[in-house]
Structure formats: C-alpha cells, structure tokens
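Novice: Residue numbers are given in my numbering: position 144 of the sequence shown equals residue 142, and the series is strictly consecutive.
Note that beta-carbon positions come from the ideal geometry of N, C-alpha and C, so glycine has one too.
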Amino acid sequence: NSGMKTLVESCFHLDTKLIKGDLRHIREQKTGIGSAINISYGNIKSVADYHIEYGAENNCMVINYGEEEQRIKLAEGELTFGPQSYFVCDCGYRSRKLYLPPNSTKFKCRKCHNLKYELTTFNHNTIQGKLLYRTNRMIKLTNARVEMNRIFYKGVYTKRFLRHLSLFSRA
C-alpha cells in the first residue's frame, strides 16, 4: 500500500500556538518552563511532556512522547505586530506546525514526512469532487465555529466571527 499518501489530518501535530505562553517567557529569559502539552488529530487525543531549554545561541523544546525524547530547535521572526515563534525541523525548514504520522517516532515538517492535505487528493473539477470539497469545507468551518470562545464583544460581532461568516457564505 505504498501508493497511499499519509494525510496531514491523520497525524498528531505540535503547534507553536499551544506553547505560546512559554515562548513569551523565553523572550523574557526565564528558564525551566514546560509541562504537559495536549496533542490531537480528529477525535484522538494524547498528552506529551515537554520543557524548553534556553540557550545563548538558540532555544529548543525537548519533548517526550513515545520511547525517546526529541530536541526541536526554536526560532523567531519579527513581524509588524510582534515576534513570531517557529519550530526548526531537522531539514532546516521553519514551521509553525510539526507532524507525527502513525508509525513514526519524530515530529517533523510536512515536507519531511511527505504529507498531503486531504483536499489535494481529488479532482475539484468533477461533480463528485466539487461536492466533496464543499462538504469538507462546511465540516471544517462548523468545527472551527464550535471552537470559537466568543462571537460578540461589546454587543458587536468579533472580526474573527465576521471572517468565519464570510468563509461560510463562500463555501
């Protein structure tokens, strides 16, 4: 079954959003930060232990999941609204997400694991493809809405919710 590509949607992933607070503390040069991190895909959830090591040259996240610990370099880039943190994959690629496919032991970028998105696996120009794409898009947008904490702020829709409504109407 080597012709089948592994999908991003069927892999555990690390996201810099999950450790945003700890990364902010690193910028303030506080050490010894870390605890447990929730990782999931679909309805499958798991927990990994991690800590962040602060170094003069570079910082790294040490994650324990499975049988061995993995050291992941961290990098920062300046954006107009402030610093943005990234993971640095073994191949040198900076990414906000690293993936752990089934039967793999290390978190790596999408390119290293040769992962594809589900929406790129079918022809969008066929009738069935168009239906599958729209259905998939609606499901993802509905799930995103469920995860939204707040849709009103001071009696007005939030920008995030207005963007969600716009995406939903286009889908």
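Assuming GLY127 and ASN121 form a contact by the criterion Cβ under 8 Å, report the distance between their Cβ atoms to the nearest whole angstrom.
Specialist: In the sequence shown, the residue the question calls residue 127 occupies position 129. In the sequence shown, the residue the question calls residue 121 occupies position 123. Indeed they touch by this definition, with Cβ atoms about 5 Å apart.
Novice: Whether or not the segment 87 to 95 and the segment 11 to 18 are in contact is what I'm after, with contact meaning three or more pairs of Cβ atoms, one per stretch, closer than 8 Å; do they touch?
Specialist: Contact between the segment 11 to 18 and the segment 87 to 95 is present, because at least three Cβ pairs lie under 8 Å.
Novice: Checking the sheet assignment: what are the DSSP bridge partners for VAL60?
Specialist: The residue given as residue 60 occupies position 62 in the sequence shown. In the DSSP output, where bridge partners are listed per residue, VAL60 has HIS49, ARG69.
Novice: Look at the alpha carbon of LEU165 and the alpha carbon of ASN141, and state the distance between them as a whole number of angstroms.
Specialist: By 1-based counting over the sequence shown, the position of residue 165 is 167. By 1-based counting over the sequence shown, the position of residue 141 is 143. Their backbone Cα atoms lie some 13 Å apart in a straight line.
Novice: Just the Cα atoms here: how many angstroms apart are LEU117 and TYR52?
Specialist: As a working note, residue 117 is residue 119 in the sequence shown. As a working note, residue 52 is residue 54 in the sequence shown. Rounded to whole angstroms, LEU117 to TYR52 spans 38 Å at the Cα level.
Novice: For ASN(-1), which residues of its own chain have a beta-carbon under 8 Å away from its beta-carbon, when the five flanking residues on both sides are left out?
Specialist: The sequence position of residue -1 within the sequence shown is 1, counting from 1. At ASN(-1) the pLDDT is 42, less than 50, meaning the model places this residue with poor confidence; the figure from the coordinates comes in the next sentence. Excluding positions up to five away in sequence, the list is empty.
Novice: Does the separation of the CB atoms of CYS58 and ARG69 fall below 8 Å?
Specialist: Here residue 58 is taken as the residue at index 60 of the sequence shown, counted from 1. Here residue 69 is taken as the residue at index 71 of the sequence shown, counted from 1. For CYS58 and ARG69, yes; Cβs fall inside 8 Å.
Novice: Please classify ILE61 as buried or exposed, where buried requires at least 16 neighbouring CB atoms within 10 angstroms.
Specialist: On the sequence shown, residue 61 is found 63 positions in, with the first residue counted as 1. Result: buried.
Novice: Run the CB neighbour count on PHE150, radius 10 Å, all protein chains shown included, and call it buried at 16 or more, exposed below.
Specialist: Here residue 150 is taken as the residue at index 152 of the sequence shown, counted from 1. By the neighbour-count rule (16 or more Cβ atoms within 10 Å), PHE150 is not buried but exposed.
Novice: If you follow the beta strand (DSSP E) that GLY90 is part of, which residue opens it and which one closes it?
Specialist: Taking the sequence shown and counting its residues from 1, the one referred to as residue 90 is at position 92. Premise fails: GLY90 is in no beta strand (DSSP E) and is neither H nor E.
Novice: Would you say the beta carbon of MET136 comes nearer than 7 Å to a heavy atom of the ligand NAP?
Specialist: The model on display carries no ligand, and the ligand NAP is accordingly not part of it.
Novice: Use the C-beta contact count for VAL144: other C-beta atoms within 10 angstroms, 16 or more gives buried, fewer gives exposed.
Specialist: As a working mapping, residue 144 is identified with position 146 in the sequence shown. Burial call: exposed.
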